[in-house]
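**Student:** Keeping their order, the protein sequence lines are chains F and E. Taking the working numbering, the leading residue of the first sequence gets 8, the next gets one more, and so forth. Taking the working numbering, the leading residue of the second sequence gets 3, the next gets one more, and so forth.
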Amino acid sequence: EDQVTQSPEALRLQEGESSSLNCSYTVSGLRGLFWYRQDPGKGPEFLFTLYSAGEEKEKERLKATLTKKESFLHITAPKPEDSATYLCAVQMSPNDYKLSFGAGTTVTVRA
Amino acid sequence: GAGVSQSPSNKVTEKGKDVELRCDPISGHTALYWYRQSLGQGLEFLIYFQGNSAPDKSGLPSDRFSAERTGGSVSTLTIQRTQQEDSAVYLCASSRQVGDTQYFGPGTRLTVL
């Protein structure tokens, strides 16, 4: 069965303490993997799209990587404003355009 | 530029009533998607539209749910005879073409009493 699993469910970090979030997927033919950030009471905000194993994308303190079975979102030297829920989503086959989401990782960064 | 907009931002209704939720996609985006986010269920797909093609309705949970897209732009999600389990945040997204990156609106929080 195709599925998307994110870990950990929650992550508490000290400001400046780098860490990584994991998104593992079991799909028949990945079309694309997407990372979003969601703040309380708001819609998901797009961060990255990854299409093939080995691909990497960076934006400020965030870096996303992709292998054949999982993706990592690395947060380098986080700040309190990086506190949010990070969602991973996949398009599970070449002709399937809907997003299938993981449950998310809630990151809290303390000053 | 303007992002995806949704209205109302909050809707409280009584069980058994019908509700309509509206989505205005980003100008020029041909694909439009509806998702639902509820506690314990995460974000789940409902339906998507691409241009004039027949919509993919595979995520609609029951025949009480329907959606239309007029003129290739604005979309309305209708829930008939609402139930308490319909309480959730309904999110709309749009993309330039189907399969491209989806950009989300702020959502409509629906509460069924």
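For glycine and all other residues, C-beta sits at the position ideal for the given N, C-alpha and C. Model, not experiment: these values are computed from the prediction.
#1: Quick check: the region 51-60 of chain F against the region 72-85 of chain F, are there 3 or more CB pairs under 8 Å?
#2: With a Cβ-Cβ cutoff of 9 Å, do E/S29 and E/G107 count as a contact?
#3: Once the 5 residues before and after E/G18 are set aside, which same chain residues still bring their CB inside 6 Å of it?
#4: Output yes if chain E places a C-beta closer than 9 Å to the C-beta of F/A91; else output no.
#5: For a contact meaning CB atoms closer than 7 Å, what does F/P51 contact in chain E?
#6: Suppose contacts are defined by Cβ-Cβ distances below 9 Å. Is E/A56 in contact with E/Q104 by that definition?
#7: Assuming E/I81 and E/R71 are in contact, meaning their beta carbons sit under 8 Å apart, how far apart are those beta carbons, in whole angstroms?
#8: Taking the beta strand (DSSP E) that F/N102 belongs to, which residues open and close that run?
#9: For chain F, find out if any of its Cβ atoms is closer than 9 Å to the Cβ of E/F47; answer yes or no.
#10: Just how far apart, CA to CA, sit F/L18 and E/G73?
#11: From E/T78, E/E87, E/G53, pick the residue whose C-alpha is nearest to that of E/S64; which is it?
#12: For E/V14, decide whether its Cβ has a neighbour in chain F, counting only Cβ atoms nearer than 9 Å.
#13: Suppose the cutoff is 6 Å on Cβ atoms and the five residues either side in sequence are ignored; what does the same chain contact list for E/S68 look like?
**Tutor:** The answer reads as follows:
#1: Yes, the region 51-60 of chain F touches the region 72-85 of chain F.
#2: Judged by their CB atoms, E/S29 and E/G107 are not nearer to each other than the 9 Å cut-off.
#3: Around E/G18, the same chain offers R83 as residues with beta carbons nearer than 6 Å, after the five sequence neighbours per side are excluded.
#4: No, F/A91 lies away from the interface with chain E (no Cβ there is under 9 Å from its Cβ).
#5: At a beta-carbon threshold of 7 Å, the residues of chain E lying near F/P51 are F106, ordered along the chain.
#6: Taking the C-beta atoms as reference points, E/Q104 is found no nearer than 9 Å to E/A56.
#7: Going by Cβ atoms, the distance from E/I81 to E/R71 rounds to 16 Å, so no, they are not a contact pair.
#8: Judged by DSSP secondary structure, F/N102 falls outside any beta strand (DSSP E); it is assigned neither H nor E.
#9: E/F47 counts as touching chain F.
#10: Counting only the Cα atoms, E/G73 lies some 44 Å from F/L18.
#11: The shortest Cα separation from E/S64 among E/T78, E/E87, E/G53 belongs to E/E87.
#12: Not an interface residue.
#13: Excluding positions up to five away in sequence, the list reads T80.
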